[in-house]
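First residue of the sequence shown? That's 579 in our numbering, and the numbers climb one at a time after it.
Built from N, CA and C at the ideal position, the CB exists for glycine as well.
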Amino acid sequence: MKPEHFSRHEQYLKTAKQIELAHRSYLEAMRAIEDEKDDATIYAHIKKANAAIESAFPEKFNPPARPPSIKANEEKKSKNLLLILGVA
């Protein structure tokens, strides 16, 4: 393996482990349903699986950062208002 591929390899390995954890948690939830366990137990397995999926694919679940809002200069606002009033 080339040295430049190490980081990508590590990333894919981490993602694969998270997906495997989610798979196991969903199977546990399925078994809990089959065994007629309480809803809290089922929900705990589903929540664990969903968290694993979110950590495997953070770019799909976290919105991108918003750019900083542009603040209008108060002096420019008053100048534009005077120009508008002057034209009218």
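Close Cβ partners of residue i (< 8 Å) along its chain, the five nearest in sequence each way excluded
i	result
TYR604	HIS623, ILE624 and ALA627
Residue burial classification, residue i (beta-carbon count within 10 angstroms, cutoff 16)
i	result
ALA594	exposed
ALA572	Outside the displayed span of the chain (579 to 666) sits residue 572, for which this structure offers no information.
SER643	First, the amino acid is wrong: residue 643 is Ala here, not Ser. The residue in question, ALA643, is exposed, as its Cβ has fewer than 16 Cβ neighbours within 10 Å.
Distance CB(residue i)-CB(residue j) smaller than 8 Å
i	j	result
ILE631	ILE620	no
SER633	GLN589	no
Contacting residues, own chain, Cβ-Cβ under 7 Å from residue i (five flanking each side not counted)
i	result
HIS587	MET579
Residues near residue i in its chain [Cβ-Cβ closer than 6 Å; skip 5 each side]
i	result
ALA600	ALA627, ALA630 and ILE631
GLU582	none
Among the options, the one whose alpha carbon lies nearest that of residue i
i	options	result
PRO636	LYS592, ASP616 and LEU661	LYS592
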